[in-house]
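Okay, so here's the structure we're looking at.
Protein chains: 2
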Amino acid sequence: MARAATTTDAFNAVAEPRRRQILDLLATGERPVNDLVQLLGLAQPQVSKHLRVLREVDLVHVRDEGRQRMYRLNAEPLKPLHDWLSKYEQSWNKRFDLMDSVLDELKETEHDNDHDD
Amino acid sequence: MARAATTTDAFNAVAEPRRRQILDLLATGERPVNDLVQLLGLAQPQVSKHLRVLREVDLVHVRDEGRQRMYRLNAEPLKPLHDWLSKYEQSWNKRFDLMDSVLDELKETEHDNDHDD
DNA sequence: CAATCGTATACCTATAAGGGAATACGTCAA
DNA sequence: TTGACGTATTCCCTTATAGGTATACGATTG
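Written out as structure tokens, the structure reads:
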């Protein structure tokens, strides 16, 4: 099997930096494709392709405005990612790294001398 | 070009569900590979391969314990993801979807009648 | 209708993933 | 040492990416 498709979920869609950039740009408001092309400095087809992926995971909504297509952010599918990551938040807030080191040392000491209390 | 390697950063590493599962399991404490194999119901080589990816992006640390290898979570590389996602938090908290719809309608009205106030 | 603009899609290529299966390697026990 | 155990690595295969380039398509303008 190959890697899961980028359109599988927001996790995969957002793994690509360009797509995160696009979302960041859309966070400031609705924009037509050419705006993004300018701001990103990418070729138009690539932008359209990234937008397709974002559309398929519902991270953006489109609206037809004459011959332009206005893209708008829909951040809701990002919530599950944020929720999942929140579980780990304490790990970097409470200097768990340090605690881990201490635990390691303890374990190694335990290993050397069996104490009976 | 192909998709960025899974070892490029935590974003890519964590896009794979199994690897998220592994991190979830390690969140409860240090574990040897076979533990994970049991808990995940995967073949041992696949688990080792996933662990390799997680190691390369520094999401896990290893410690040799006899012939076992104890894996421990290192959540710090997840912080950037959490930070990035936090920017969008308000979007799903404040019913922005609704606001967006309203904005859309406003825009369309603006479009129809040019008002001068 | 023709020309042009804004955007999407098709096609090609190089790259690598992830699962399966086999095997290599280091450690410990007999 | 031999053998078993725990784990990592290698090889094969299928699939899909992301970029480049060309082109198709709908809407608007003249």
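Residue numbers (the working numbering), protein chains in the order written: chain A, 1 to 117; chain B, 1 to 117.
Ideal Cβ positions, reconstructed from N, Cα and C, are used throughout, including at glycine.
Item	Value
Every unbroken alpha helix (DSSP H) inside the stretch 27-99 of chain B [4 residues or more]	33-40, 44-56, 79-86, 89-93
CB contact check: B/His82 to chain A, cutoff 8 Å	yes
Proximal residues to A/Glu110 (C-beta, below 8 Å), its chain only, five neighbours per side dropped	Here the model assigns A/Glu110 a pLDDT of 41, short of 50, so the residue's position is not dependable and the matter cannot be decided.
Residue environment, A/Asn74, which counts as buried when at least 16 other CB atoms sit within 10 Å	buried
Close beta carbons around A/Val37, own chain, < 6 Å, minus the five adjacent residues each side	Gln44, Val47
C-alpha gap between A/Pro77 and B/Pro32, whole angstroms	34 Å
Min CB distance A/Ala75 to chain B below 8 Å	yes
Bounding residues of the alpha helix (DSSP H) (the contiguous stretch that carries A/Ala13)	10-13
Reduced DSSP category for B/Arg3 - H, G, I as helix; E, B as strand; rest coil	coil
B/Met70 burial status per 10 Å Cβ neighbour count (16 or more: buried)	buried
The stretch 55-65 of chain B contacting the stretch 3-22 of chain B, beta-carbon criterion three pairs below 8 Å	yes
CA-to-CA distance, A/Leu85 to B/Glu89, given in whole angstroms	13 Å
Cβ-based burial, B/Thr7 [other Cβ within 10 Å; buried from 16]	exposed
Alpha carbon of B/Arg63 to alpha carbon of B/Arg72, nearest angstrom	8 Å
Under 8 Å between C-beta atoms of A/Leu54 and A/Arg18	no
Status (buried if at least 16 other CB within 10 Å, exposed otherwise) for B/Asn34	exposed
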